[in-house]
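Asker: In our numbering, the protein residues as written are 1 to 362. For glycine and all other residues, C-beta sits at the position ideal for the given N, C-alpha and C.
This is the structure we're talking about:
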């Protein structure tokens, strides 16, 4: 039986490189956590790689959003956001006792439609949390203009945006705070992990304090939480960052194959202008949900498993009051991400495309 092909496969470095970090920890009885050497080293490495002024390494991308909300003082308020994202974005808002107000999405990039934000602003609105879905850039200029006009804070969920660039700047460098995920399924990962990126030294210091229970040694400043990450996770990041240019190149080559084979077969999003994409995902749109589910069955018989990113549209979640977002609901019903990872053989890409074309080509 053929090996199963999933939507992604976690990259692992040369194990000897990883083990060398671990051997140093064991041989020298080094600290395992509490912002020790490797965590600090990874933070500096990522700052240099991304060309951002401040970066804080945390336990995961979800708590990064929660820390951002807390650091910006967003309590008991409305936060404008998108329904087309992973549920962690919305859970973070709810966990921090705020109310998500959904704005429908732009149909080509699947990001929040900046032209529809102003109509959802009320006296209770204090922030916008927008998501760079699949590494596609939100309309940064419009969102910033709205934020300045209404004195709103801007958080970007950049879980998919690592190594994407907008106007030759890291896509993670915009807004008051941008968060990122280093989960094992991501383009760059530390098995579990995440980051907070901000241009503000004041916000960086606040988030750093929140990350470590709100105290420094025996001096306590505020209510904090434990969002520190371990040396073992940081070691994985230090190994993996060395491979990232090669990883992106291989992903770009696979993306080109998909585009060449599936043009005029399925709808393929066009990358926005000013964006240098990271090729973290390859989303496609089918005509309707029936067609999508049929293709999933055909591929599953061949041990190929794409995934429905993102389904369902979060405005339809049963524990939230329904807010109409027809574009998001429509796209969520018929979008899927095809397998994409650097270890994916080109012949498997051709096989996936051939199966889809056999069913859909007229």
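Closest by CA to residue 341, which one among 326, 187, 40 and 229?
Answerer: 187
Asker: Note down the Cα distance separating residue 195 from residue 361, rounded to an integer number of angstroms.
Answerer: 43 Å
Asker: If you follow the beta strand (DSSP E) that residue 153 is part of, which residue opens it and which one closes it?
Answerer: 153–157
Asker: Would DSSP call residue 349 helix, strand or coil?
Answerer: helix
Asker: Just checking: is the beta-carbon of residue 14 within a distance shorter than 8 Å of some beta-carbon in chain C?
Answerer: In summary, chain C is missing from the structure at hand, where a single protein chain is found.
Asker: Looking at C-beta atoms only, is the number of pairs between the region 254–268 and the region 88–96 that lie closer than 8 Å three or more?
Answerer: No: the two stretches stay apart, fewer than three of their Cβ pairs being nearer than 8 Å.
Asker: Which two residues bound the contiguous beta strand (DSSP E) that contains residue 3?
Answerer: Note, residue 3: premise wrong, no beta strand (DSSP E); not H, not E.
Asker: Considering residue 68, what are the terminal residues of the alpha helix (DSSP H) in which it resides?
Answerer: 61–71
Asker: Is the separation between the beta-carbon of residue 39 and that of residue 212 shorter than 8 Å?
Answerer: no
Asker: For the region 141–227, list the beta strand (DSSP E) runs that are entirely contained and at least 3 residues long, ordered along the chain.
Answerer: Runs of the beta strand (DSSP E) inside the region 141–227: 153–157, 177–181 and 194–197.
Asker: Pull the bridge partners of residue 267 from the DSSP assignment, please.
Answerer: 285
Asker: Which same chain residues, not among the five before or five after residue 1, have their C-beta less than 8 Å away from its C-beta?
Answerer: Caution applies to residue 1, whose pLDDT of 48 falls short of 50 and renders its modelled position unreliable; the value that the coordinates give is listed next. Here the set comprises 303.
Asker: Could you check what DSSP says for residue 321 in three-state terms: helix, strand or coil?
Answerer: coil
Asker: Tell me where the beta strand (DSSP E) around residue 102 begins and ends.
Answerer: 99–102
Asker: Span of the beta strand (DSSP E) holding residue 131?
Answerer: Taken as a continuous stretch (DSSP letters only), the beta strand (DSSP E) holding residue 131 covers 125–131.
Asker: Look at residue 292 and residue 334 and say whether their C-beta atoms are less than 8 Å apart.
Answerer: yes
Asker: Does residue 137 come out as helix, strand or coil in the three-state DSSP assignment?
Answerer: coil
Asker: Measure from the alpha carbon of residue 17 to the alpha carbon of each residue in 117, 242, 290 and 26, then state which is nearest.
Answerer: 242
Asker: For residue 15, is the beta carbon positioned less than 7 Å from some heavy atom of the ligand PLP?
Answerer: Ligands are entirely absent from the displayed structure, and the ligand PLP is therefore not among its contents.
Asker: State buried or exposed for residue 157, treating a residue as buried only when at least 16 other CB atoms are found within 10 Å of its CB.
Answerer: buried
Asker: Quick check on the DSSP output: the beta strand (DSSP E) that includes residue 337 runs from which residue to which?
Answerer: That run of the beta strand (DSSP E) goes 335–337.
Asker: Residue 40 by DSSP, collapsed to three states: which one?
Answerer: helix
Asker: For residue 100, count the other beta carbons within 10 Å of its own beta carbon; 16 or more makes it buried, fewer makes it exposed. Which is it?
Answerer: buried
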